[in-house]
Amino acid sequence: MSKPRVSTLVGGVFVALALAATVTSVVFEISIGAQRRASDGLEAGWISGLAGVALAVPGALMLRRVPRNAVGWFLCLGGLHWAVDGAAVAWVAYATTRSPVPAGTAESYWVYQRVGAGLLLWLPLLLLYYPDGRLPRGRWRWAALVSLGATAVLPLTLLFVPARIADAMDDGPAPPPRRGSRSTC
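In the working numbering, the protein residues as written are 226 to 410.
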């Protein structure tokens, strides 16, 4: 297969995965119900899923036309990241309505709380690599790299901070599966 066909296929896979994660989050949201959903303190997962699809589709179209441009890859990866974050929070909200709590709830909460902190890292990447898919040249390259490093400090810190500290610093209440848990994730 030629490069444009491979990148078209990869872009389609990203869009399909983002759509699947979004549909999954919608199914969980529907099964929870509106009254219960309003009281759990978590955001609706389908909103992140729609944002993910809205990023992945233009990314896939860009990969089809200009496969070597990093902007298309960032759009696809960022879209999948947003959609998976939405599915993770929808699973956590769904799991809190069940007794006993289903497997994978702590892991989904970890993805939502820790990996979700990196969602906004995609914006500076897109702004710095737009339009030609390369960082600025000359002195501006160093400024771009420093700004990306500074932007990545919080998401990277949240990946490695102990769970008790992350739970204590979280704005909202931890869902019932995490309260009092001894998990280190």
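Note that beta-carbon positions come from the ideal geometry of N, C-alpha and C, so glycine has one too.
Measuring CB to CB, does residue i end up less than 9 Å from residue j?
i	j	result
tryptophan 271	glycine 311	yes
glycine 297	alanine 285	yes
glycine 174	leucine 288	No answer is possible for residue 174: the residues shown for the chain start at 226 and end at 410.
valine 240	valine 282	yes
glycine 343	proline 380	yes
threonine 382	leucine 345	no
proline 292	serine 232	yes
Buried or exposed for residue i, going by 16 or more other Cβ atoms inside 10 Å?
i	result
leucine 352	exposed
phenylalanine 385	exposed
alanine 315	buried
tryptophan 463	The structure shown does not extend to residue 463, since the chain spans only 226 to 410, so no value can be given for it.
glycine 363	exposed
leucine 280	buried
glycine 374	exposed
arginine 230	exposed
alanine 393	exposed
Please work out which residues of its chain come closer than 6 Å, Cβ to Cβ, to residue i, disregarding the five sequence neighbours upstream and downstream, and give them in chain order.
i	result
arginine 359	none
leucine 350	Phe299
glycine 277	Ala243, Gly304, Trp307, Ala308
leucine 267	Val314, Ala318
valine 251	Trp271
glycine 405	Unreliable placement is indicated for glycine 405, whose pLDDT of 43 sits below 50; no coordinate value is reported for it.
tyrosine 355	Val296
arginine 294	According to the sequence as given, residue 294 is asparagine; it is not arginine. Only Gly358 meet the Cβ criterion.
arginine 366	Leu360
For residue i, I'd like the list of residues in its chain whose CB is within less than 8 Å of its CB, leaving aside the five on either flank, ordered along the chain.
i	result
alanine 369	Leu353, Leu360, Pro361
Can you tell me where the alpha helix (DSSP H) holding residue i begins and where it ends?
i	result
arginine 323	Where arginine 323 is concerned, there is no enclosing alpha helix (DSSP H), given that its DSSP letter is neither H nor E.
proline 380	364 to 385
leucine 353	347 to 354
alanine 328	Taken as a continuous stretch (DSSP letters only), alanine 328 belongs to no alpha helix (DSSP H), as it is neither H nor E.
Return the chain-ordered list of same chain residues with a C-beta closer than 7 Å to the C-beta of residue i, the five sequence neighbours on each side being excluded.
i	result
cysteine 410	At cysteine 410 the pLDDT is 49, less than 50, meaning the model places this residue with poor confidence and gives no usable figure here.
threonine 247	Trp271, Gly274, Leu275, Gly277, Val278, Ala308, Gly311
Let me know the alpha helix (DSSP H) ranges lying completely inside the segment 261 to 308, each 4 residues or longer, listed in chain order. 270 to 290
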